[in-house]
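*Asks:* Sequential numbering from 38 applies to the sequence shown in my numbering. Where is the CB? At the ideal position from N, CA and C, for every residue including glycine. Bear in mind the structure is a predicted one, so any value in this text is a computation, not a measurement.
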Amino acid sequence: MNTQKSIEQIIAPPAPHMVGDGFRVHNFFPSSRTVGMQRMSPFFLMDYNSKIEFPATNTPRGVGVHPHRGFETVTIAYHGKVAHHDSAGNSGVIGEGDVQWMTAAAGILHKEYHEKEWSKKGGLFQMVQLWVNLPAKFKMSPPKYQGLESEQFGKFIIPNDMGVVEVIAGNFNGVKGAASTFTPIEMYNVRANKGAKIEFSLPQNYNTGFMVIEGSVELNDKVVLQDHFVLFANDGAVIQMKAMENAIVLILSGEPINESIVPYGPFVMNTKEEIMQAYEDLNNGKFGKLED
Ligand code: MN
Numbered sequence: 038m039n040t041q042k043s044i045e046q047i048i049a050p051p052a053p054h055m056v057g058d059g060f061r062v063h064n065f066f067p068s069s070r071t072v073g074m075q076r077m078s079p080f081f082l083m084d085y086n087s088k089i090e091f092p093a094t095n096t097p098r099g100v101g102v103h104p105h106r107g108f109e110t111v112t113i114a115y116h117g118k119v120a121h122h123d124s125a126g127n128s129g130v131i132g133e134g135d136v137q138w139m140t141a142a143a144g145i146l147h148k149e150y151h152e153k154e155w156s157k158k159g160g161l162f163q164m165v166q167l168w169v170n171l172p173a174k175f176k177m178s179p180p181k182y183q184g185l186e187s188e189q190f191g192k193f194i195i196p197n198d199m200g201v202v203e204v205i206a207g208n209f210n211g212v213k214g215a216a217s218t219f220t221p222i223e224m225y226n227v228r229a230n231k232g233a234k235i236e237f238s239l240p241q242n243y244n245t246g247f248m249v250i251e252g253s254v255e256l257n258d259k260v261v262l263q264d265h266f267v268l269f270a271n272d273g274a275v276i277q278m279k280a281m282e283n284a285i286v287l288i289l290s291g292e293p294i295n296e297s298i299v300p301y302g303p304f305v306m307n308t309k310e311e312i313m314q315a316y317e318d319l320n321n322g323k324f325g326k327l328e329d
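1. Assuming glutamine 163 contacts asparagine 86 under a Cβ cut-off of 8 Å, what Cβ separation, rounded to an integer in Å, is found between them?
2. Should glutamate 296 be listed as close to ligand 1, given that the test is whether its C-beta is under 7 Å from any heavy atom?
3. Apart from the five residues on each side of it in sequence, which residues of its chain come closer than 6 Å, Cβ to Cβ, to isoleucine 195?
4. Going by C-alpha to C-alpha distance, which of Arg76, Leu262, Pro104, Gln46 sits closest to proline 305?
5. Whole angstroms is fine: what's the gap from leucine 239's alpha carbon to proline 51's?
6. Touch check for the region 274-286 and the region 220-234: three-plus C-beta pairs under 8 Å?
7. Beta strand (DSSP E) containing glutamate 255: first to last residue?
8. Under 7 Å from any heavy atom of ligand 1, by CB: list those residues in chain order, please.
9. Who does alanine 206 pair with in a DSSP beta bridge?
10. Near phenylalanine 247, what residues of its chain come up, given a Cβ to Cβ distance below 6 Å and the 5 sequence neighbours on each side ignored?
11. Leaving out the 5 sequence neighbours to the left and right, which residues in its chain are closer than 8 Å to serine 69 when beta-carbon positions are compared?
12. In chain order, what residues of the same chain have a beta carbon less than 8 Å from the beta carbon of lysine 192, not counting five sequence neighbours either side?
13. DSSP three-state label for phenylalanine 162, please.
14. Does DSSP classify tyrosine 316 as helix, strand or coil?
15. Measure from the alpha carbon of glutamate 149 to the alpha carbon of each residue in Thr110, Gln41, Glu311, then state which is nearest.
16. If you follow the beta strand (DSSP E) that methionine 83 is in, where does it begin and where does it stop?
17. With hydrogens ignored, establish whether the beta-carbon of proline 53 is closer than 7 Å to any heavy atom of ligand 2.
18. May I ask which residues mark the beginning and end of the beta strand (DSSP E) holding tyrosine 243?
19. So what does DSSP say about serine 124, is it helix, strand or coil?
20. Kindly identify the DSSP beta-bridge partner or partners of tyrosine 182.
21. Considering just the uninterrupted stretch of the beta strand (DSSP E) at proline 104, what are its terminal residues?
22. Using 8 Å as the threshold, is the C-beta distance between proline 67 and isoleucine 294 below it?
23. For proline 303, count the other beta carbons within 10 Å of its own beta carbon; 16 or more makes it buried, fewer makes it exposed. Which is it?
24. Take lysine 326 and list the residues in its own chain whose beta-carbon comes closer than 7 Å to its own, dropping the five residues that flank it on each side.
25. Do asparagine 257 and serine 43 come within 8 Å of each other at the CB atom, strictly closer than that value?
26. Please report the straight-line C-alpha distance between histidine 63 and aspartate 84, rounded to a whole angstrom.
27. Is the Cβ-Cβ distance between glutamine 166 and threonine 112 less than 8 Å?
28. Pick out whichever of Asp264, Ile298, Gln241 has its Cα sitting closest to the Cα of threonine 40.
29. If I measure Cβ to Cβ from glycine 101 and keep anything under 6 Å in the same chain, skipping five residues before and after, which residues do I get?
30. Assuming phenylalanine 108 and phenylalanine 81 form a contact by the criterion Cβ under 8 Å, report the distance between their Cβ atoms to the nearest whole angstrom.
31. Give the secondary structure of lysine 259 by DSSP, where H, G and I count as helix, E and B as strand, and everything else as coil.
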C-alpha cells in the first residue's frame, strides 16, 4: 500500500559562504547537524547558490584547479553559465536548465569558472552542486563526464499543460532520465505553473529531499517557501505537490549506500587509509595534469 511520505524537517537556508570567488552557497548538508553526511545518502553534499547578481568582470570568477576522488559532482544551472575543464580532457559549458554530471571516481583534477562571455556582462546566477557518493566497489572506477543539455531530458507534461517534470535521472511516470548513475537515483526538475497539482511516488527506503528553487509550493498540505529544503521521512511513498505560484523544485531521491564514510577535503572515501592513499596518489601525479 502506498502511504504518504511525511515531512521530517523543513530547513531554512543556512548562512552562505563563498566557494572560490564565484559561488556563494548555502550548505544544506553535510554541515547541517540534523542531516549530516548519511541522512541523504547517496547524496553526500548539497551546496545551493541562491539567486544572486554578479557584476560584470573581465576576469571570470570561480574555483581554480582542485582534485576529487570517490564520488560524483553534479551541477545544475538555473541562472548564469559555468565552464568546466578537467584532467580527463573533458570540458563544457552549462547554462540555464543544463546539468553537468562529472564522475570523479578514481581521481580527477578540475576547475569551475563562470563562462567568459557571460562574466563580461554579469547577471543573475543560481546553481546547485551535489556530491553524489559512490559505493566502495565503484570508488576507483575511471572518471567520466556527462554534459546534459536541457533538450536531452525526458519531459513529462503536467496534465492540463500546467508545467513540466524534467527527468534528469531515474524514471517518472514512464519518462526516463538522461543521466546514467551508479546506484538507483531519481532526480527531477519540476517546473510547475501556479495551481498545478502533481503526485510523486518514491520508494519508502529512498532518502528523499525537495529543494524549492523558485516560488513556493504546498507539499502534503504544508507551505514551503523559496530557498528552503524539505527532508522527508522514510515512512511511505507518496508526496502531493501544489504550486502556490509559478515554481521550480529540484527533487532528489536515492537508495542509501549503507557504508562508512570518511570525508576529507575534496575526497570522500570509506576509510582513513584510503584518504591517505588519495593524498599520496595526488602528490605522485596520479590525478593527471590541468593548467590553471
Ligand atoms: Mn570541484
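*Replies:* By the coordinates alone:
1. 6 Å
2. no
3. Ala233, Ile235
4. Note that residue 305 is valine in the sequence shown here, rather than proline. Considering only alpha carbons, the answer is Pro104.
5. 27 Å
6. yes
7. 254-256
8. Val100, His103, His105, Thr110, His147, Glu149, Pro303
9. Met224
10. Val267, Val286, Ile288
11. Ile48, Pro51
12. Val201, Val202, Glu203, Val204, Val212
13. strand
14. helix
15. Thr110
16. 80-91
17. Absence of ligand 2 is noted for the structure shown, with ligand 1 being the only ligands found.
18. Looking at the DSSP string, tyrosine 243 is not in any beta strand (DSSP E), and its letter there is neither H nor E.
19. coil
20. Met139
21. 99-105
22. no
23. buried
24. Ser124
25. yes
26. 6 Å
27. yes
28. Gln241
29. Lys148, Asp329
30. 6 Å
31. strand
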